[in-house]
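Chemist: Please find one structure pasted underneath; my questions will follow.
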Amino acid sequence: MPIVESDNFNQVQAYVLGNPIRHGLLTAYDDLKHYKYCNFDKWIEINTDEGMKFQVLSQLRLKVNSEDEEKFWRRELNVR
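Below, the structure is given as structure tokens:
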């Protein structure tokens, strides 16, 4: 996908930033903030934490393969 508009950039950015969760290196969104191989904390400074969370989790939601969607969101929202 060519990055020609900011929406395309945001989708690619969210996809790349979500890779550690997608591949099982991290288990939750908040872990990205402290992951030493990711500059996620810098992106939160540029954008808002809420905005980045929405972008990353929206992208992951489309790509969840190993667990059902309800289980994924319960874990992310800490709902029992």
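Going by the numbering used here, the first residue of the sequence shown is number 824, and it counts up by one from there. Quick reminder that beta carbons are idealized off the backbone N, C-alpha and C, glycines included.
1. Return the CA-CA distance between Leu-840 and Lys-876, expressed in angstroms with no decimal places.
2. Name the two residues that bound the continuous alpha helix (DSSP H) containing Asp-864.
3. Leaving out five residues on either side along the sequence, give the residues of the same chain with a beta carbon under 8 Å from the beta carbon of Cys-861.
4. Would a C-beta distance cut-off of 8 Å place Gln-878 and Ala-837 closer than the cut-off?
5. So Arg-845 and Leu-883 are supposed to be a Cβ contact under 8 Å. How far apart are they, rounded?
6. Whole angstroms are fine: how far does the CA of Gln-834 sit from the CA of Leu-885?
7. Could you name the residues of the same chain whose beta carbon sits closer than 8 Å to that of Trp-866, not counting the 5 residues immediately before and after it, in chain order?
Modeler: Taking the geometry as given:
1. 10 Å
2. 863-869
3. Leu-840, Pro-843 and Leu-855
4. yes
5. At roughly 6 Å, the Cβ-Cβ gap stays under 8 Å, so Arg-845 and Leu-883 are in contact.
6. Note that Leu-885 has pLDDT 48, beneath the 50 cutoff, so the model's placement of it is unreliable and no number is given.
7. Within the same chain, Gln-836, Leu-840 and Met-875 come within 8 Å of Trp-866 by CB-CB distance, once the 5 residues on both sides are set aside.
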